[in-house]
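Chemist:
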Amino acid sequence: MKPLVIALLVVSLLAGCAAKPKYEQTSMKLNDGTTHYFIKTHFKPCQLSKDWATRTLTIRANEICKSGFTLVDAQTPVVLEPLGASSEKRELLWEIKCNSGQPKY
Numbered sequence: 001m002k003p004l005v006i007a008l009l010v011v012s013l014l015a016g017c018a019a020k021p022k023y024e025q026t027s028m029k030l031n032d033g034t035t036h037y038f039i040k041t042h043f044k045p046c047q048l049s050k051d052w053a054t055r056t057l058t059i060r061a062n063e064i065c066k067s068g069f070t071l072v073d074a075q076t077p078v079v080l081e082p083l084g085a086s087s088e089k090r091e092l093l094w095e096i097k098c099n100s101g102q103p104k105y
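Structural data, given as structure tokens:
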């Protein structure tokens with residue numbers, strides 16, 4: 001009985017951390033003619049959720065750029081609270097540019 005309770009507890013904790021994040025996307029055309037894309041998603045304050053957010057943004061970046069992409073900048077706002085002190089979502093923002101300069105669509 002005790003192993004079952006422990007297994008259920010672990011599964012419930014992981015399920016709370018790893019929900020499939022949605023993303024937001026914007027773009028900006030620069031003076032040199034290239035377009036940079038900004039894709040953002042939210043994640044919970046645990047490593048599993050951040051890994052999932054990173055995979056989500058990678059998949060979306062590859063959908064935007066058919067010939068691959070370059071990660072120009074990645075930002076995660078700094079939270080000055082101890083880890084685990086807050087269950088609020090964090091934000092992961094990527095700035096990318098397509099390797100060929102042309103988006104997929």
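Going by the numbering used here, the first residue of the sequence shown is number 1, and it counts up by one from there.
Idealized CB from N, CA, C, for every residue including glycine.
Treat the numbers as computed from the prediction; the structure is a model and nothing was measured.
Just how far apart, CA to CA, sit I39 and Q25?
Modeler: Rounded to whole angstroms, I39 to Q25 spans 4 Å at the Cα level.
Chemist: Helix or strand or just coil, what does DSSP make of K29?
Modeler: Three-state result, K29: strand.
Chemist: In three-state terms, what does DSSP make of T34?
Modeler: It is coil, neither helix nor strand.
Chemist: How should T34 be labelled, buried or exposed, when 16 other C-beta atoms within 10 angstroms of its C-beta is the threshold for buried?
Modeler: Answer is exposed; the Cβ neighbour count stays below 16.
Chemist: Just how far apart, CA to CA, sit C98 and D32?
Modeler: Each residue's Cα considered, the two are about 14 Å apart.
Chemist: Which same chain residues end up closer than 8 Å to L92 when comparing Cβ atoms and leaving out the 5 residues on each side of it in sequence?
Modeler: Cβ within range, chain order: K40, T41, H42, F43, K50, A53, T54, L57, A74, Q75, T76.
Chemist: By the three-class DSSP mapping on this structure, what secondary structure does E88 have?
Modeler: In the structure shown, E88 sits in coil (DSSP, three-state: anything other than H, G, I, E or B).
Chemist: Taking only the alpha-carbon atoms, compute the straight-line gap between A7 and L71 and give it to the nearest angstrom.
Modeler: With a pLDDT of only 40 at A7, under 50, the local geometry of the prediction cannot be trusted, and the value read off the model is given with reservation. Cα to Cα, A7 sits roughly 38 Å from L71.
Chemist: How long is the line joining the alpha carbons of E88 and C46, rounded to whole angstroms?
Modeler: The alpha-carbon atoms of E88 and C46 are separated by roughly 11 Å.
Chemist: If you follow the alpha helix (DSSP H) that T56 is part of, which residue opens it and which one closes it?
Modeler: T56 -> alpha helix (DSSP H) spans 47-64.
Chemist: For I59, count neighbouring C-beta atoms within 10 Å of its own C-beta (all shown protein chains included) and say buried if the count is 16 or more, exposed if not.
Modeler: Flag for I59 reads exposed.
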